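Taking it in order: structure first as structure tokens, then the write-up.
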Amino acid sequence: MKINWFELTKGIIKENPTFVIVLGLCPTLAVTNLTINGLGMGLAVIFVLSLSNLLISLLRNFIPNEVRIPCYIIVIAAFVTIIQFVMEAFTPELNKALGIFIPLIVVNCIILGRAEAFAGKNKPLDSFLDGIGMGIGFTLALTLIGLIREILGNGTITLKLAGVGTVIDVGAFLRNIFGEFNKQSLIPKSAIVMMLPPGGFIVMGTLLAFFQYLKNKKAEKEQKMKAQKKQQVQASTGVPAGAPASTGAKPA
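The sequence shown stops at residue 251 when you use numbering that gives the first Met the number 0, and every number in between is there.
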């Protein structure tokens with residue numbers, strides 16, 4: 000069985016659901032005040048998205064077209080219920096922190112969108128890989144936003160889950176490496192706004208602008224490369240730019 004690596008990797012960068020397609024912004028802005036919250040939410044989405052894609056793809060020829068959306072929601076809700084029970088049992092603190100946003104995975108537009116646009120029309124393996132790839136891209140985006148917000152808002156990086164892990168004091172960590180500068184912290188006074196909902200909008204908007212800038216620079220570079228290649232072809236054939244191509248027809 001051949002693995003389609005494109006389906007697995009496209010959701011990480013090229014079709015990232017958060018920074019490129021811009022879907023699922025409700026949990027993205029709401030739960031990312033801590034690094035571990037973004038990571039935990041992302042892992043839950045990977046579980047639900049990959050398995051729901053797989054099951055929907057397996058059932059795609061048996062689900063009537065007229066009721067496909069309700070059927071998709073039922074399948075997704077089953078996996079959301081499973082992950083919620085698991086989190087309540089093993090990570091109760093994280094489950095409490097994420098709150099209502101775990102049940103709301105059922106109607107997350109990323110999951111419903113992939114079910115409608117991909118899983119309902121493609122093979123099971125490709126659908127499963129698509130779910131994992133999109134889930135990884137979503138997880139990386141949430142973790143990055145949570146990391147930035149927590150560092151700026153609290154000066155820490157929380158990597159503690161179910162009693163395992165630690166909370167890193169970023170200021171103390173940097174001072175241990177670089178030493179003191181006039182007895183001042185290398186991390187400025189915490190910006191509390193970053194831990195509040197407006198901080199989510201600020202970080203999200205900044206990252207969207209940054210990735211759009213990179214996308215534009217890449218497009219400009221590709222355009223320049225095409226123009227240079229065209230000039231090289233014209234130079235090698237001796238045809239000046241803008242000259243009409245010869246048809247080879249003899250004059251009457």
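Idealized CB from N, CA, C, for every residue including glycine. All figures in this text were calculated on a predicted structure; none of them were measured in a lab.
- Annotation for residue 87: 94 place their beta carbon closer than 6 Å to its own, counting only its chain and skipping 5 residues before and after.
- Secondary structure at residue 156: strand, using DSSP grouped into helix, strand and coil.
- Residue 35 and residue 152 have their alpha carbons spaced roughly 15 Å apart.
- Runs of beta strand (DSSP E) with 3 or more residues, each lying fully within the stretch 95-168, are found at 155-160, 163-168, listed in chain order.
- Within the same chain, 22, 23 come within 8 Å of residue 108 by CB-CB distance, once the 5 residues on both sides are set aside.
- Assigned with DSSP and collapsed to three states, residue 20 falls in coil, not helix or strand.
- Between residue 167 and residue 158 the beta-carbon gap is near 7 Å, inside 8 Å, which marks them as a contact.
- Residue range 34-57 is occupied by the alpha helix (DSSP H) that includes residue 36.
- Taking residue 32 as reference, the option from 92, 15, 196 with the minimal CA-CA separation is 196.
- Per the coordinates, the alpha-carbon of residue 40 lies some 12 Å from the alpha-carbon of residue 28.
- Looking only at 50, 60, 111, the smallest Cα-Cα distance to residue 82 is reached by 50.
- Residue 3 sits in coil when the DSSP states are folded into three classes, being neither helix nor strand.
- Look at residue 63 here: in three-state DSSP terms it is coil, with no helix or strand label.
- In this structure residue 146 touches residue 156 by the C-beta definition: roughly 6 Å separates them, less than 8 Å.
- Annotation for residue 224: the continuous alpha helix (DSSP H) segment containing it runs 196-236.
- The Cβ atoms of residue 71 and residue 14 do not sit closer than 8 Å to each other.
- Linking residue 101 to residue 217 through their CA atoms gives a straight-line distance of about 36 Å.
- Using a 10 angstroms sphere on the CB of residue 213, the tally of other CB atoms stays under 16, which defines it as exposed.
- Residue 44 places its beta carbon less than 8 Å from that of residue 104.
- Burial of residue 18 is indicated by the presence of at least 16 other C-beta atoms within 10 angstroms of its C-beta.
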